[in-house]
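Trainee:
Number of protein chains: 2
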Amino acid sequence: MIVKSLLDVQREKVSMDGAEKAFKQIPISKEDGTPNYSMRVFTLKSGGYTPYHQHDYEHVNYIISGNGELVDETGNKKTLKEGDFALVMPNEKHQYRNTSDSEDFVMICGVPKSFE
Amino acid sequence: MIVKSLLDVQREKVSMDGAEKAFKQIPISKEDGTPNYSMRVFTLKSGGYTPYHQHDYEHVNYIISGNGELVDETGNKKTLKEGDFALVMPNEKHQYRNTSDSEDFVMICGVPKSFE
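Chains as they are written, first to last, in the numbering used here: chain A, 63 to 178; chain B, 63 to 178.
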């Protein structure tokens, strides 16, 4: 078994087109030997967002801190706050956005390990 | 896509032998249509613990709040605190314990959906 603090996990800027002020960590990864699922953490700085895109695997989210929103495929927005869980189904177009002027938005985003 | 607050998810006492002052929620479940993985949340009250047991699937954990420990198959203990991630591999004997005199210990415990 492995125990690690999020503070000790390397953080890298997300370079994907359509991402802004977004950073990624993978506290539970293939490298840790996870059998099925990887746990990534995304930090969106104020004004930050992930790409508005879709793919054939799901997202399972928990909001660690901050305030944001989840944009769906019609452009509608659902509020996301600390303590919320979200499930984005495969092929659903989606985007996460930080809606705070000052605070980071930090969330877990679980995916099948082959897509980490 | 689904968004829900943990506060709105039904909580039930864990009745399994070997569990004490332990409560379970399933914010992302088969009933939500999760394709692969379920996200459960366990709350251990002060003095609470989960069974000291093993099974053929893994646990992927994030500690939401509180202080606790993860007992391994030799009886050694690893400290768990808010912001920590843990990975318990299939067939590793394990137990989660709240080590606080006053606060709840609250953690996410992800598993393949067939074992939620």
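By construction, the Cβ of each residue, glycine as well, lies at the ideal position given by its N, Cα and C atoms.
#1: Does any residue of chain B have a CB that is nearer than 8 Å to the CB of histidine 156/A?
#2: In terms of residues, what are the limits of the beta strand (DSSP E) holding tyrosine 99/B?
#3: What do you get for glycine 96/A, buried or exposed, if any count of 16 or more other CB atoms within 10 angstroms of its CB means buried?
#4: Going by beta carbon distance, what residues of the same chain come within less than 6 Å of phenylalanine 147/A, once the five residues before and after it are set aside?
#5: Around the Cβ of histidine 121/A, are there at least 16 other Cβ atoms within 10 angstroms (buried) or fewer (exposed)?
#6: Leaving aside the five residues before and after leucine 68/B along the sequence, list all residues of the same chain whose C-beta is less than 7 Å from its C-beta, in chain order.
#7: Which bits of chain A does glutamate 120/B rub up against, with CB to CB less than 8 Å?
#8: One question on the structure: do asparagine 160/B and glycine 109/B come within less than 8 Å of each other, judged by their Cβ atoms?
#9: Given a cut-off of 8 Å, decide if tyrosine 158/B and glycine 172/A are closer than it, judged by their beta-carbon atoms.
#10: Phenylalanine 167/B to valine 76/A, Cα distance in whole Å?
#11: Taking any Cβ of chain A, which residues in the segment 107 to 136 of chain B have a Cβ under 7 Å from it, in chain order?
#12: Residues of the segment 72 to 85 of chain A with a CB closer than 8 Å to any CB of chain B: list them in chain order, please.
Mentor: Taking the coordinates as given:
#1: Walking along the first sequence from the start, residue 156/A turns up at place 94. Cβ-Cβ to chain B under 8 Å: yes for histidine 156/A.
#2: For the purposes of this step, residue 99/B is taken as the residue at position 37 of the second sequence. Residues 99 to 111.
#3: Numbered from its first residue, the first sequence carries residue 96/A at position 34. In the sequence under discussion, the amino acid at residue 96/A is threonine, which differs from the glycine named in the question. Its Cβ being crowded by 16 or more others within 10 Å, threonine 96/A is buried.
#4: For the purposes of this step, residue 147/A is identified with residue 85 of the first sequence, where counting begins at 1. The beta carbon of phenylalanine 147/A lies closer than 6 Å to those of Tyr124 in the same chain, with the five residues before and after it left out.
#5: What you label residue 121/A is simply residue 59 of the first sequence in a count that begins at 1. With 16 or more Cβ atoms within 10 Å of its Cβ, histidine 121/A is classed as buried.
#6: The residue labelled residue 68/B in the question sits at position 6 within the second sequence. If we look at leucine 68/B and ignore the five residues flanking it on each side, its Cβ neighbours are Gln87, Pro89, Val103.
#7: To locate residue 120/B, count along the second sequence from 1; it is residue 58. Those are Thr96, Pro97, Asn98, listed as they occur along chain A.
#8: One-based indexing of the second sequence puts residue 160/B at position 98. One-based indexing of the second sequence puts residue 109/B at position 47. Cβ atoms of asparagine 160/B and glycine 109/B: closer than 8 Å.
#9: Residue numbering aside, residue 172/A sits at position 110 when the first sequence is read from its first letter. Residue numbering aside, residue 158/B sits at position 96 when the second sequence is read from its first letter. No. Outside cutoff.
#10: In the second sequence, residue 167/B corresponds to position 105, counting from 1. In the first sequence, residue 76/A corresponds to position 14, counting from 1. Approximately 32 Å, taken between the alpha carbons.
#11: If you check each beta-carbon in the segment 107 to 136 of chain B against every beta-carbon of chain A, the ones closer than 7 Å belong to Glu120, Val122, Tyr124, Leu132, Asp134.
#12: Cβ contacts with chain B come from no residue of the segment 72 to 85 of chain A.
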